[in-house]
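S.K.: Okay, handing you the structure first.
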Amino acid sequence: MILPTRGLTREEVLSRMKELASRDARWRDGKTWSLVYFAGDDVLDLLKEAYTMFISENGLSPVAFPSLRHFEAEVLEMTAGILRGGGEAVGTMTSGGTESILMAVKTARDRARAERPEVAQPEMVLPITAHPAFEKASHYFGVKAVHIPIREDLRADVEAARKAVTENTILMVGSAPGYPHGVVDPIEQMAALAAENGILFHTDACLGGFLLPWVRRLGYPVPAFDFSVPGVTSISADLHKYGFTAKGASTVVYRNDSIRRHQFFAYTEWPGGLYGSPSMTGARPGGAIAAAWAVMKYLGEEGYLRIARKIMDTTTRLQDGIRSIPELRILGRPAMSVFAFTSDRINVYALAEAMEARGWKLDRQQLPPSLHMMVTPAHERIVEPFLADLKACVGEVAAAGESPVSGQAAIYGMVASLKDRGPAREIILDFLGELLRRET
Ligand SMILES: *Cc1c(COP(=O)(O)O)cnc(C)c1O
Numbered sequence: 001m002i003l004p005t006r007g008l009t010r011e012e013v014l015s016r017m018k019e020l021a022s023r024d025a026r027w028r029d030g031k032t033w034s035l036v037y038f039a040g041d042d043v044l045d046l047l048k049e050a051y052t053m054f055i056s057e058n059g060l061s062p063v064a065f066p067s068l069r070h071f072e073a074e075v076l077e078m079t080a081g082i083l084r085g086g087g088e089a090v091g092t093m094t095s096g097g098t099e100s101i102l103m104a105v106k107t108a109r110d111r112a113r114a115e116r117p118e119v120a121q122p123e124m125v126l127p128i129t130a131h132p133a134f135e136k137a138s139h140y141f142g143v144k145a146v147h148i149p150i151r152e153d154l155r156a157d158v159e160a161a162r163k164a165v166t167e168n169t170i171l172m173v174g175s176a177p178g179y180p181h182g183v184v185d186p187i188e189q190m191a192a193l194a195a196e197n198g199i200l201f202h203t204d205a206c207l208g209g210f211l212l213p214w215v216r217r218l219g220y221p222v223p224a225f226d227f228s229v230p231g232v233t234s235i236s237a238d239l240h241k242y243g244f245t246a247k248g249a250s251t252v253v254y255r256n257d258s259i260r261r262h263q264f265f266a267y268t269e270w271p272g273g274l275y276g277s278p279s280m281t282g283a284r285p286g287g288a289i290a291a292a293w294a295v296m297k298y299l300g301e302e303g304y305l306r307i308a309r310k311i312m313d314t315t316t317r318l319q320d321g322i323r324s325i326p327e328l329r330i331l332g333r334p335a336m337s338v339f340a341f342t343s344d345r346i347n348v349y350a351l352a353e354a355m356e357a358r359g360w361k362l363d364r365q366q367l368p369p370s371l372h373m374m375v376t377p378a379h380e381r382i383v384e385p386f387l388a389d390l391k392a393c394v395g396e397v398a399a400a401g402e403s404p405v406s407g408q409a410a411i412y413g414m415v416a417s418l419k420d421r422g423p424a425r426e427i428i429l430d431f432l433g434e435l436l437r438r439e440t
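Once you know that position 95 of the sequence shown is 95 in the numbering used here, the rest is easy, because the numbers rise by one and skip nothing.
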C-alpha cells in the first residue's frame with residue numbers, strides 16, 4: 001500500500017522529500033532558463049514567512065478574512081498603477097496566467113452574450129504566438145480562436161487582424177511580450193482596430209506586466225502595451241513570474257468595473273447558501289495572496305527597478321555573447337529578458353542536447369526550431385561559463401555534421417517532419433498520462 005498504514009515520522013518524511021528534490025532542476029545555480037523566477041534569498045525568505053503565516057486562510061471568503069481582502073485589494077491597486085490604469089481599473093487575483101487568460105476570454109464572451117445577443121458563435125482574433133492558455137480558453141468556453149500570422153519581425157500582422165475581424169468577433173489579443181520570442185505585438189494598432197470595431201482587446205502581459213514598466217523607466221525602448229493605450233480593455237500580468245512572488249499568483253485587470261462584472265459568478269439556489277465567486281477556483285490559497293502583498297511592499301519601485309537593471313544588464317551580456325557566435329542568430333527584437341536563438345547552419349536541437357550534457361537546460365521551440373532563454377537575477381553569475389560552453393558546444397555540433405540526433409532532439413525532429421500534426425497531439429496526451437504515473 002502506498003498510503004502507509006502507520007504514518008512516518010516527520011524526519012522520515014522530510015528526508016525522503018530532500019532525496020527526491022535532489023534530482024530537480026537546479027534553478028538556484030542559474031542552470032535552467034524557465035519555470036523559476038528567483039530574486040534572491042532575502043525575497044525568498046520573506047515569501048516563505050508571509051506564505052506560511054497565511055497558509056490555512058482561505059481567500060474564498062474575504063468576509064471571514066479581512067486581512068486577505070486587504071492584501072488582495074492593495075495588490076490589485078498597486079498592479080493597476082504599474083499598468084497605468086488610472087482611477088477606474090479594477091481586477092482580481094488568480095492562481096496564475098492561465099486562469100487570468102481564461103477569465104479575460106470568459107468575460108468577453110459573457111459581455112457579448114449580454115450586449116450582442118445576435119452573436120451566436122463568438123470568435124477571438126489572436127496571433128499564432130499567443131500563449132496556449134488562449135487555446136485552452138477557446139476549448140473550454142466555446143470561443144472560436146481565429147489565428148493570424150506574424151510578420152518577418154515576429155510581431156502580429158495588423159493587416160491580417162483587420163481581415164480576420166467578422167461580425168462574430170468579440171475579442172482581440174496581443175502579447176507584451178509573447179513567450180516564444182519575447183517581442184511585443186503592435187498593441188497600439190491592434191487595440192485601435194479593436195476599438196474601431198467595438199470589440200474588447202486583451203494585452204497578455206503575463207511575462208512583461210511586472211518587468212516592462214521598469215525596463216521602460218531604465219530608458220530601454222518599450223512599445224506601449226498597457227492601459228495608456230486607448231482600446232486596451234484588459235491585461236493579464238503574472239505576479240509569480242517577474243513580480244517574484246510565490247507560485248499561484250497572477251492578476252487580471254480590466255479598464256473599468258462594468259467589464260469586470262462579466263467575469264463574476266453568482267448562484268442563488270444552493271441549499272448551502274447564496275454563492276458568489278470572482279474567478280475559476282473556489283477555495284483560494286491565502287498564502288499566495290499574502291506573499292504577493294508582502295513582496296510588493298518589500299521591494300517597492302526601487303527594489304523592482306534594481307532587479308530590472310540587473311536582469312537587463314545580464315540579458316545584454318548574454319545576447320552580445322550569442323551574437324558573437326557566427327552560427328547563431330537571435331530571433332526578432334526582444335523587448336526585455338526573454339528571447340530565442342536559432343541557427344541556419346547547425347541543428348539547434350542537437351546543440352540543446354550538447355548543452356544538457358554540460359548541465360544547461362534550454363527549452364526547445366518549433367516553427368522554426370529555436371532555443372529559449374528567460375533571464376533572471378540567478379543568471380548574473382553564470383554569463384561567462386554559459387557562453388564558453390555554448391561556443392564549445394556549437395563547435396562540437398558543427399564538427400559532428402549531420403549525425404543522427406537523440407533524446408528530445410529526435411522527438412522534435414520527428415514531429416517537425418509530420419505533415420498531419422494529429423499524431424503529435426496523441427503523443428502529448430499519452431505523455432501527460434505517463435507523467436502522472438509514479439516513477440519507481
Ligand atoms: C507564463 C505565461 C502564461 C501562462 O501563465 P501560467 O502562470 O503558466 O499559467 C501566459 N502568457 C504568457 C505570455 C506567459 O509567459
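All residues carry an ideal CB built from backbone N, CA and C; glycine is no exception.
1) Do you know how far the Cα of H372 is from the Cα of Y412?
2) Is it buried or exposed for V63, if we count other Cβ within 10 angstroms and need 16 for buried?
3) Under the criterion of a Cβ to heavy atom distance below 7 Å, does D204 qualify as lining ligand 1?
4) Can you name, in chain order, every residue of its own chain whose Cβ lies under 6 Å from the Cβ of A352, other than the five neighbours on each side?
5) Pairs of beta-carbons, one from the stretch 74-84 and one from the stretch 247-259, closer than 8 Å: are there three or more?
6) According to DSSP, what are the bridge partners of D363?
7) Please determine if the stretch 286-295 and the stretch 234-253 are in contact, where contact requires at least 3 C-beta pairs separated by less than 8 Å.
8) Excluding five sequence neighbours on each side, which residues of the same chain lie with their C-beta closer than 7 Å to the C-beta of P368?
9) S279: buried (16+ other C-beta within 10 angstroms of its C-beta) or exposed?
10) Over what stretch of residues does the alpha helix (DSSP H) that includes K18 continue unbroken?
11) Roughly how many angstroms separate the alpha carbons of T32 and G142, rounded to a whole number?
12) Around the Cβ of T92, are there at least 16 other Cβ atoms within 10 angstroms (buried) or fewer (exposed)?
13) Here's the rule: buried if 16 or more other CB atoms are within 10 angstroms of the residue's CB, otherwise exposed. What is V13?
14) Which same chain residues, not among the five before or five after A288, have their C-beta less than 6 Å away from its C-beta?
15) Using only the alpha-carbon positions, how far apart do G286 and A164 sit?
16) For I187, is the classification buried or exposed, using 16 other Cβ atoms within 10 angstroms of its Cβ as the cut-off for buried?
17) Let me check you understand the geometry: is the CB of G97 closer than 7 Å to at least one non-hydrogen atom of ligand 1?
18) Is H372 near ligand 1, judged by its Cβ being under 7 Å from some heavy atom?
19) Could you name the residues of the same chain whose beta carbon sits closer than 7 Å to that of V229, not counting the 5 residues immediately before and after it, in chain order?
20) Taking C-beta to C-beta, are T166 and I199 nearer than 8 Å?
21) Would you mind working out which of A21, A156 and W360 sits nearest H181, comparing C-alpha positions?
22) Out of A39, T107 and V119, point me to the one whose CA is closest to R309's CA.
23) Assuming A283 contacts N58 (C-beta within less than 8 Å), just tell me the rounded distance between them.
24) Can you tell which of R333, L35 and Y140 has its C-alpha closest to the C-alpha of E152?
25) So does Y412 have its beta carbon nearer than 7 Å to some heavy atom of ligand 1?
26) Leaving aside the five residues before and after S315 along the sequence, list all residues of the same chain whose C-beta is less than 6 Å from its C-beta, in chain order.
27) Looking at the structure shown, is V222 part of a helix, part of a strand, or coil, going by DSSP?
28) Over what stretch of residues does the beta strand (DSSP E) that includes R306 continue unbroken?
29) If you check the beta carbons only, do S100 and T107 fall under 8 Å apart?
30) Taking the alpha helix (DSSP H) that H240 belongs to, which residues open and close that run?
31) Considering only C-alpha positions, which residue in the set T129, M124 and F134 is nearest to I441?
32) Near E158, what residues of its chain come up, given a Cβ to Cβ distance below 8 Å and the 5 sequence neighbours on each side ignored?
33) For E123, count neighbouring C-beta atoms within 10 Å of its own C-beta (all shown protein chains included) and say buried if the count is 16 or more, exposed if not.
34) Any heavy atom of ligand 1 within a distance shorter than 7 Å of the CB on G243?
35) Out of E118, H147, A114 and M103, which has the shortest C-alpha to C-alpha gap to A137?
36) Using a threshold of 8 Å, state whether the C-beta atoms of G97 and C206 are closer than that.
M.R.: So, to answer that:
1) Cα to Cα, Y412 sits roughly 14 Å from H372.
2) Its Cβ having fewer than 16 others within 10 Å, V63 is exposed.
3) Checking the Cβ of D204 against ligand 1 gives yes.
4) Closer than 6 Å at the Cβ level, and outside the excluded window around A352, lie L362, R364 and L371.
5) The count of Cβ pairs closer than 8 Å, one atom from the stretch 74-84 and one from the stretch 247-259, reaches three, so the stretches are in contact.
6) According to DSSP, D363 bridges with H372.
7) Touching, yes, given that three or more Cβ pairs across the two stretches are closer than 8 Å.
8) Cβ within range, chain order: T342.
9) Around the Cβ of S279, a 10 Å sphere holds 16 or more other Cβ atoms; the residue is buried.
10) Taken as a continuous stretch (DSSP letters only), the alpha helix (DSSP H) holding K18 covers R10 to A21.
11) Looking at the two C-alpha atoms, the distance is approximately 36 Å.
12) T92 counts as buried, since no fewer than 16 other beta carbons sit within 10 angstroms of its beta carbon.
13) Within 10 angstroms of the beta-carbon of V13 lie fewer than 16 other beta-carbons, which makes it exposed.
14) Shown here for A288: same chain residues with a beta carbon closer than 6 Å to its own, the five before and five after excluded, namely A246, G248 and A249 in chain order.
15) As the crow flies, the alpha-carbon of G286 is around 42 Å from that of A164.
16) Counting Cβ neighbours within 10 Å, I187 comes out buried, since at least 16 surround it.
17) Short note on G97: C-beta closer than 7 Å to some heavy atom of ligand 1.
18) If you check the C-beta of H372 against ligand 1, you find no heavy atom less than 7 Å away.
19) Same-chain partners within the cutoff: I187, E188 and A191.
20) Judged by beta-carbon spacing, I199 lies beyond the 8 Å limit of T166, meaning their Cβ atoms are not closer than that value.
21) For H181, the nearest C-alpha among the options comes from A156.
22) Nearest in C-alpha terms to R309, of all of A39, T107 and V119, is A39.
23) 5 Å between Cβ atoms; contact.
24) Nearest option by C-alpha distance: R333.
25) It does not: the Cβ of Y412 is nowhere closer than 7 Å to a heavy atom of ligand 1.
26) It is worth fixing the name first, because residue 315 is Thr in this sequence and not Ser. Its chain contains S337 and V375 as the residues whose beta carbon lies nearer than 6 Å to that of T315, once the 5 sequence neighbours on both sides are disregarded; these appear in chain order.
27) For V222, the secondary structure class from DSSP, reduced to helix, strand or coil, is coil.
28) Here R306 belongs to no beta strand (DSSP E); instead the alpha helix (DSSP H) covers G286 to R323.
29) The answer is no: Cβ separation not under 8 Å.
30) Bounds of any alpha helix (DSSP H) do not take in H240, whose DSSP letter is neither H nor E.
31) Past the edges of the chain, shown from 1 to 440, lies residue 441, and the structure says nothing about it.
32) Before going further, note that residue 158 is Val rather than Glu in the sequence given. Only residues of its own chain outside the window of five on either side were considered, and among them P186, Q189, M190 and L193 have a CB closer than 8 Å to the CB of V158, listed in chain order.
33) With 16 or more other Cβ atoms inside 10 Å of its own Cβ, E123 counts as buried.
34) Distance from the C-beta of G243 to the nearest heavy atom of ligand 1 is not below 7 Å.
35) It is M103 whose Cα lies nearest to the Cα of A137.
36) Closer than 8 Å, so yes.
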